[in-house]
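Mapped onto the numbering used here, the consecutive letters of the sequence shown carry residue numbers 12 to 478. Note that CB positions come from ideal geometry on N, CA and C, so glycine has one too. Since the structure is predicted, the reported quantities are computational estimates derived from the model, not experimental observations.
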Amino acid sequence: MPIATVNPATGETLKTFDALAPEEAERRLAAAAAAFRRYRATGFAERARLLNRAADLLDEDRDDIARTMTLEMGKPLAAARAEAAKCAKAMRWYAEHAEGLLADEHPAPAAVEDSGATAVRVRYRPLGPVLAVMPWNFPLWQVVRFAAPALMAGNTGLLKHASNVPQTALYLEDLFRRAGYPAGCFQTLLIGSGAVEAVLRDPRVAAATLTGSEPAGRAVASVAGDEVKKTVLELGGSDPYVVMPSADLDRAVRTAVTARVQNNGQSCIAAKRFIVHRDVYEAFTGRFTALMDGLAVGDPLDEATDVGPLATEQGRADVEELVDDAVRLGALARCGGGRPALPGPLAHGWFYEPTVLTDVTPEMRIHREEAFGPVATVYPVASPEEAVELANDTPFGLSSNVWTRDEDEQRRFARDLEAGGVFFNGMTASHPAFPFGGVKRSGYGRELSGHGIREFCNVTTVWYGAP
């Protein structure tokens, strides 16, 4: 895939970039290693000062970087602004809390005495340069939720971003440079996917984090395992959205639309499978379909647009194949199911209609595979037990949503759903204070919160014997 900005709303190539020459990639790796040796010795106050300055600059740049993101991957402009604001918030959160999250821990006195020590403490020390392989769908947020904790922990960062968001990737390097970070602390590597293995195998790279597809995660994990390097993976999701009879149906329907079409439907934590109790199935499905069908599809730079294009032509083709396969095997498209007719240059963009499918059966690909676009599948169930069984009938386990006011049902779903998060009566969303990640083929490890900042730390036991 070429390294280029291609406007997905029109298919027009706006700017192309050359991949880094091998000697430049080597220079950047050396700079990351050298910067780590110096930066690791800085105190939390200095790290916080730098990260807060980066947050201030990002706020100042919000409109410009939002437009860049929209032009590169097609998210509606309002969503792009919100993403930039969320990144600045996360930076400030880690600047404020990192020192406490990484404070030395002191084991219980009885355990210290039993070990024969006079004192023991557990310290969190940085690992070194961390390689981040990041996707295009949230081109700022995915990076910042790695970079903010990694930098506050004293690590340095190397970003291999998706090849279709190069301007956002270069912006991030420039943002940290302007904030005053020492040279080499955070660098963007404009390289293709084929060059990732060599970087990951380099002994100067201490660990890696990847957000992206399952095949990409397998590839990075395989190389990292061979090199015995720590990895954190956040991969795909096919999140269930369960609606039980006690739900506030109006809120559940409205939130369902947002949960499915956020980021033009291209979110790992977007609700994708809507599992609805039979008592409210027809009412939910009818209202949900009407709202999905009424969404405005069009130019993402237009403030009136609800759903923009898919980010890549191949991405749209993948969604089309899933829907066409389901319809061929008997699924009913209650709305959508094709490409919208749009005027002018937008006719060449990679748009797909918001789509609701019912009568989905296990032999259909969409029952098992992640639909990375504005396509929802709706299933009827007769009981909480059946809802749990269907919700877990997926290779993924990123997050989940449950709408019920019944406390017994809430306890049951919280206990039995196989996911990294269970959100009751609301939509899955990430927040810097809460751990984020999945199970099964959605990956392993956690981002955000104290769990996230400690992922790339050397947890060190310091034991003191008698003098």
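Whole-angstrom C-beta distance between residue j and residue i, which should lie under 8 Å
i: Y105; j: L61; result: So it is not a contact: roughly 11 Å between Cβ atoms.
i: G456; j: G448; result: 6 Å
i: T16; j: Q178; result: 6 Å
i: A328; j: A190; result: 40 Å between Cβ atoms; not a contact.
i: G454; j: G228; result: 6 Å
i: R78; j: L88; result: 7 Å
i: A387; j: R271; result: 5 Å
i: A122; j: Y475; result: Actually they are not in contact, since the Cβ atoms of A122 and Y475 sit about 14 Å apart, beyond 8 Å.
i: V144; j: A219; result: 7 Å
i: V176; j: E35; result: Not really, about 20 Å apart at Cβ, beyond 8 Å.
Nearest candidate by alpha-carbon position, reference residue i, set the options
i: G54; options: L151, V133, G165 and N148; result: G165
i: A444; options: K86, A101 and Q273; result: A101
i: D72; options: E57, A96 and E397; result: A96
i: V389; options: A440, V291 and D417; result: V291
i: T372; options: G191, V264, L401 and F47; result: L401
i: A480; options: L353, V207 and G456; result: Residue 480 lies beyond the range of the chain shown here (12 to 478); nothing can be said about it.
i: A30; options: A180, G297, A89 and A130; result: A180
i: Q153; options: L113, T242 and E94; result: E94
i: P356; options: E332, T323, A342 and G309; result: G309
i: G203; options: A282, I14, R416 and T316; result: I14
i: D70; options: A358, A393 and A91; result: A91
i: H359; options: S126, A322, I377 and R339; result: A322
i: P226; options: A209, L244 and D237; result: L244
i: P391; options: F435, T296 and T471; result: T296
i: H442; options: T472, I280, A342 and D115; result: I280
For residue i: DSSP bridge partner residues
i: Y455; result: L244
i: K97; result: In the DSSP output, where bridge partners are listed per residue, K97 has none listed.
i: H288; result: V392
i: K86; result: K86 pairs with nothing; no bridge assigned.
i: P251; result: R284
i: A15; result: T27
i: W474; result: V131
i: C468; result: P137
i: N412; result: Y252 and F434
i: Q198; result: L169
i: V207; result: None, per the DSSP bridge assignment.
i: V450; result: G408
i: V308; result: V318
i: V386; result: T366
Test item: CB-CB of residue i and residue j under 7 Å
i: S460; j: A430; result: no
i: L312; j: T21; result: no
i: E184; j: T167; result: no
i: R381; j: G247; result: The sequence given here has Glu at residue 381, not Arg. Cβ atoms of E381 and G247: closer than 7 Å.
i: G384; j: E364; result: no
i: L211; j: V234; result: yes
i: R452; j: F407; result: yes
i: G195; j: A32; result: no
i: Y135; j: C468; result: yes
i: R345; j: V367; result: yes
i: L479; j: A42; result: Outside the shown range of the chain, which is 12 to 478, sits residue 479, and nothing can be said about it.
i: L302; j: V268; result: yes
i: G463; j: G319; result: no
i: T405; j: S249; result: yes
i: H487; j: R132; result: This structure gives no information on residue 487, because the portion of the chain shown stretches from 12 to 478.
i: V254; j: R298; result: no
i: C98; j: L151; result: yes
i: W414; j: A258; result: yes
i: R161; j: V141; result: Residue identity check: residue 161 is Ala in the sequence provided, not Arg. Cβ atoms of A161 and V141: closer than 7 Å.
i: Y182; j: I76; result: yes
i: N412; j: N274; result: no
i: A232; j: T222; result: no
i: F362; j: P351; result: yes
i: A2; j: A307; result: Given a span of 12 to 478 for the chain in the structure shown, any question on residue 2 remains unanswerable.
i: Y50; j: P214; result: no
i: D427; j: V399; result: yes
i: P446; j: R423; result: no
i: F28; j: L186; result: no
i: R376; j: D336; result: yes
Residue i at chain D interface by Cβ criterion, 7 Å
i: L181; result: Looking for chain D here will not work: only one protein chain is present.
(request) Just list the alpha helix (DSSP H) runs in the region 209-240, keeping only unbroken ones of 4 residues or longer that don't cross its boundaries, in chain order. (result) 225-238
(message) Ignoring anything shorter than 4 residues, give me the alpha helix (DSSP H) runs that lie fully in the region 108-146, in order along the chain.
(response) 120-126
(message) I'd like the ranges of any beta strand (DSSP E) spanning at least 3 consecutive residues and lying wholly in the region 343-382.
(response) 343-346 and 366-369
(request) Would you mind listing the beta strand (DSSP E) stretches within the region 322-346 that are 3+ residues and don't spill past its ends, in chain order? (result) 343-346
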